Amino acid sequence: FDPVDCGPLTSARLLEPVAMLVITLGYGMKMGTNMALDLIRR
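Residue numbering for the sequence shown follows our numbering, beginning at 577 and increasing consecutively.
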C-alpha cells in the first residue's frame, strides 16, 4: 500500500467513520476482512 498524508491529527475523527463503513459493508456482505476501500487520485 502507498501511504497518503491525510493532514493533521484532527483528521483522524473523519477517517474513523469511513473505516466503520468499510467494516459494516464487509461483514454485511459476508466478505469479512476480504474487502477494502481504495482511494484514487485524479
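The beta carbon of each residue, even a glycine, is placed where N, CA and C say it ideally should be. Keep in mind that this is a model prediction, so the values were computed, not measured.
In its own chain, which residues sit with a C-beta less than 8 Å from the C-beta of residue i, not counting the 5 before and 5 after it?
| i | result |
| --- | --- |
| A612 | V598 |
| G602 | G608, T609, N610 and M611 |
| K606 | none |
By Cβ distance below 7 Å, which residues in the same chain neighbour residue i in space, the five residues on each side in sequence not counted?
| i | result |
| --- | --- |
| C582 | L591 |
So the alpha helix (DSSP H) residue i belongs to, where does it begin and stop?
| i | result |
| --- | --- |
| T600 | A588 to G604 |
Among the residues of its own chain, which have a CB less than 6 Å from the CB of residue i, if the five just before and after it don't count?
| i | result |
| --- | --- |
| R618 | none |
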